[in-house]
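Residue numbers (my numbering): 981 to 1284.
For each residue, glycine too, the CB sits at the ideal point set by N, CA and C.
Reading through the structure tokens given below for one structure.
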Ligand code: GDP
Ligand code: CA
């Protein structure tokens, strides 16, 4: 079965990794959000793409889920000492990725091409594609005005109350090379348990329409996000955060929805929306959990 997975950073990367453990690489394509991308210290940074690649390549920091394993922070400490910007931490090994990516972009290469080259160097077999090579920038409308995504997410630690989102550049953005082909040849599209508002929605906006069956895995477990602001965003937008809210968020495109055992009370309401529900353990604490959930999702996909 051919699978195309849409992913943001940490949550998306975990399931993408699980899928990579149970599928032949040629059957898996991962399309990654680039709405979080930004320039910092003159470098082009693509946080979700890096999180997915580091995770698939076995390079990720297992504690944080983002950044590099066995990282050192000498460059950052020295930048800080010079009075440079200290709000966005970049480790030494991670910095090498941004330096080299920026250099190749300046040579005229595209983000998708560079990602392919990096995946080759890191031994990552499934296709990892940025959603687009064009600039798309997630803007967060808050009670303190509109903020660029990293300003909201990292600098302000998601504190300002959210009023809405805008994806600057999304109308003009073409899907990156390979994205259309993957979606045409795939059997199923999987929406990883990523933040629906700022990780999956931008990808859906770029790819516009989906003709294949879509399955989503809830990033909200027991009314809370495992990590990050997804639940807080639902709350601030006046929606009670729950797996059911996620199913409703995607209801027009979903054929199947995977929710956690502790949320099984919502299964009936999901099915009432004519979406097949699958209740299972969705918390991924280690590689075994990731592979088991991925296998479960594949069985579910096969049954639809
Ligand atoms: P980000 O770009 O790094 O913020 O990452 P994503 O958007 O891909 O993922 C963030 C979402 O992943 C959060 O809403 C979390 O609740 C969810 N998440 C993280 N780990 C898990 C997990 O093990 N299981 C599930 N179901 N969701 C998870
Ligand atoms: Ca992200």
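- Item | Buried/exposed call for residue 1258, threshold 16 Cβ in 10 Å | Here residue 1258 refers to the residue found at position 278 when the chain shown is read from its first residue. The residue in question, residue 1258, is buried, as its Cβ has 16 or more Cβ neighbours within 10 Å.
- In chain order, each beta strand (DSSP E) run of at least 3 residues that lies wholly inside the segment 1084-1123: If we require 3 residues or more, the beta strand (DSSP E) runs fully inside the segment 1084-1123 come out as 1107-1110, 1117-1122.
- Task: Following the continuous beta strand (DSSP E) through residue 1021, name the residue where it begins and the one where it ends.
- Result: Start at 1 with the first residue of the chain shown, and residue 1021 comes out as number 41. Counting along the chain, no beta strand (DSSP E) covers residue 1021, and no H or E run does either.
- Query: Does the Cβ of residue 1028 lie closer than 8 angstroms to at least one heavy atom of ligand 2?
  - Reply: Looking up residue 1028 in the chain shown gives position 48. Residue 1028: yes, Cβ under 8 angstroms from ligand 2.
- Message: Distance check for residue 1117 and residue 1026, CA to CA, integer angstroms please.
- Response: Counted from its first residue, the chain shown places residue 1026 at position 46. Counted from its first residue, the chain shown places residue 1117 at position 137. If I take the Cα positions, the gap works out to 11 angstroms.
- Message: When you measure from the CB of residue 1037 to every non-hydrogen atom of ligand 2, does any distance come out below 8 angstroms?
- Response: Along the chain shown, one-based indexing puts residue 1037 at 57. Answer for residue 1037: no, Cβ out of range of ligand 2.
- Message: If you measure between the beta carbons of residue 1108 and residue 1010, is that distance less than 9 angstroms?
- Response: On the chain shown, position 128 is the one that residue 1108 refers to. On the chain shown, position 30 is the one that residue 1010 refers to. Their beta carbons are under 9 angstroms apart, which means residue 1108 touches residue 1010 by this criterion.
- residue 1239, enclosing beta strand (DSSP E) - first and last residue: Along the chain shown, one-based indexing puts residue 1239 at 259. Element bounds for residue 1239: 1236-1240.
- Would residue 1086 be called buried (16 or more neighbouring beta carbons within 10 Å of its own) or exposed? By one-based count along the chain shown, residue 1086 stands at place 106. Within 10 angstroms of the beta-carbon of residue 1086 lie fewer than 16 other beta-carbons, which makes it exposed.
- Item | Three-way DSSP call (helix, strand, coil) for residue 1129 in this model | Start at 1 with the first residue of the chain shown, and residue 1129 comes out as number 149. Residue 1129 carries a helical assignment under DSSP once its states are collapsed to helix, strand and coil.
- Buried versus exposed call for residue 1062 [16 or more other C-beta atoms within 10 Å across all chains shown]: Within the chain shown, the letter at position 82 stands for residue 1062. Exposed: under 16 other Cβ atoms inside 10 Å.
- Message: Please report the distance separating the alpha-carbon of residue 1029 from that of residue 1078.
- Response: As a first step, residue 1029 is located in the chain shown; it is residue number 49 there, counting from the start. As a first step, residue 1078 is located in the chain shown; it is residue number 98 there, counting from the start. Those two C-alpha atoms are separated by around 11 angstroms.
- Where residue 1180 sits in the DSSP three-state scheme: Here the question's residue 1180 lines up with position 200 in the chain shown. Correct three-state label for residue 1180: helix.
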